[in-house]
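Heads up, the thing below is written out as structure tokens.
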Amino acid sequence: GDSVTQMEGPVTLSEEAFLTINCTYTATGYPSLFWYVQYPGEGLQLLLKATKADDKGSNKGFEATYRKETTSFHLEKGSVQVSDSAVYFCALSERLGGGTSYGKLTFGQGTILTVHP
Amino acid sequence: DGGITQSPKYLFRKEGQNVTLSCEQNLNHDAMYWYRQDPGQGLRLIYYSQIVNDFQKGDIAEGYSVSREKKESFPLTVTSAQKNPTAFYLCASTGTGAPSGNTIYFGEGSWLTVV
Chain A
527 GDSVTQMEGP
537 VTLSEEAFLT
547 INCTYTATGY
557 PSLFWYVQYP
567 GEGLQLLLKA
577 TKADDKGSNK
587 GFEATYRKET
597 TSFHLEKGSV
607 QVSDSAVYFC
617 ALSERLGGGT
627 SYGKLTFGQG
637 TILTVHP
Chain B
1261 DGGITQSPKY
1271 LFRKEGQNVT
1281 LSCEQNLNHD
1291 AMYWYRQDPG
1301 QGLRLIYYSQ
1311 IVNDFQKGDI
1321 AEGYSVSREK
1331 KESFPLTVTS
1341 AQKNPTAFYL
1351 CASTGTGAPS
1361 GNTIYFGEGS
1371 WLTVV
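Which chain is which? The protein sequence lines are A and B, in order. Going left to right, the first sequence walks through residues 527 to 643 as the working numbering numbers them. Going left to right, the second sequence walks through residues 1261 to 1375 as the working numbering numbers them.
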């Protein structure tokens, strides 16, 4: 079945440092790829997504490129801020039951990021 | 503003009781989902519904039940048969087809604790 593997955390950085969180996946089909962010006590917010090979998703200074050849979707940010401290989840989605909606997300285990001033 | 509303945010349940978590969306989305999150883990799919009056089991449906009588509502009942119900529960929805069907929106979650 489908699976997502994220680099283990927690990750602790100083403000303005460069961030990389690795994510690789296995999938039988041609999934869409996502990064979600979860702040303490809250639900998940979509950070960025990519729907086909070589697509680059970007948002709030974060970027990730859909690499089909390496089955990867690594998250990067050039200069992190304290406000980026959160849990980051890599996920893929596939169509449900032959329908047209994408909802069966397969998640990685999450990476806790802590940014110090 | 459009979004997904879950309630209650915090809920305590005695062992042997059933509890129902509410999920309402005003995004006009056809598909809705319930996920469970345990500490240090990703999310696991409990149930999903792609259309009114129809729903399917996800990966961990045992001990849970749902209904989808209205497009905007997808309540989840955690029954006494669920052996380890203490968790964070997230409701989500998507439209159908591209591009809206490709993005999943989440509610803010409900914390359920068994006491």
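Heads up, the beta-carbon is just placed ideally off N, CA and C, and yes, glycines get one too.
Check: A:K630: contacting residues in chain B (beta-carbon distance under 9 Å); Outcome: Y1293, L1305, Y1308, G1318, D1319
Check: Any C-beta of chain A under 8 Å from that of B:T1373; Outcome: no
Check: A:Q607 beta carbon less than 8 Å from that of A:E541; Outcome: yes
Check: For B:Q1310 and B:C1283, believed in contact at Cβ under 8 Å, the rounded distance; Outcome: With a Cβ gap of about 15 Å, B:C1283 and B:Q1310 do not count as contacting.
Check: Proximity winner among A:G634, A:L570, A:A612, relative to A:F599 (alpha-carbon distances); Outcome: A:G634
Check: Distance between beta carbons of B:V1326 and B:W1371, contact taken as under 8 Å; Outcome: The Cβ separation is near 19 Å, so there is no contact.
Check: From B:F1315, B:M1292, B:V1374, B:A1341, residue whose alpha carbon lies closest to that of B:G1263; Outcome: B:M1292
Check: Within 8 Å, strictly: CB atoms of A:L573 and A:W561; Outcome: yes
Check: Residue environment, B:Y1270, which counts as buried when at least 16 other CB atoms sit within 10 Å; Outcome: exposed
Check: Interface residues of the region 566-583 of chain A facing chain B [CB-CB below 9 Å]; Outcome: G567, E568, G569, L570, Q571, L572, K575, T577
Check: Where B:D1298 sits in the DSSP three-state scheme; Outcome: coil
Check: Members of the region 610-622 of chain A that neighbour chain B once the beta carbon cut-off is set at 8 Å; Outcome: F615, A617, S619, L622
Check: For A:S619, three-class secondary structure by DSSP; Outcome: strand
Check: Contact set for B:R1273: own chain, Cβ-Cβ below 8 Å, skip 5 residues either direction; Outcome: V1279, V1338, P1345, L1372, T1373, V1374, V1375
Check: Straight-line Cα distance separating B:Q1277 from A:D580; Outcome: 50 Å
Check: Close Cβ partners of B:L1303 (< 8 Å) along its chain, the five nearest in sequence each way excluded; Outcome: Y1295, R1296, Q1297, L1350
Check: Exposure of B:Q1301, with buried meaning 16 or more beta-carbon neighbours within 10 Å; Outcome: exposed
Check: C-beta contact flag for A:L639 and A:A612 at 8 Å; Outcome: yes
Check: Assigned exposure category for B:A1341 - 16 Cβ within 10 Å defines buried; Outcome: exposed
Check: CA-to-CA distance, B:D1314 to B:Y1324, given in whole angstroms; Outcome: 15 Å
Check: Proximity of B:A1347 and B:F1366 at Cβ, strictly below 8 Å; Outcome: no
Check: In DSSP terms, what A:F588 is bridged to; Outcome: A:N585, A:K603
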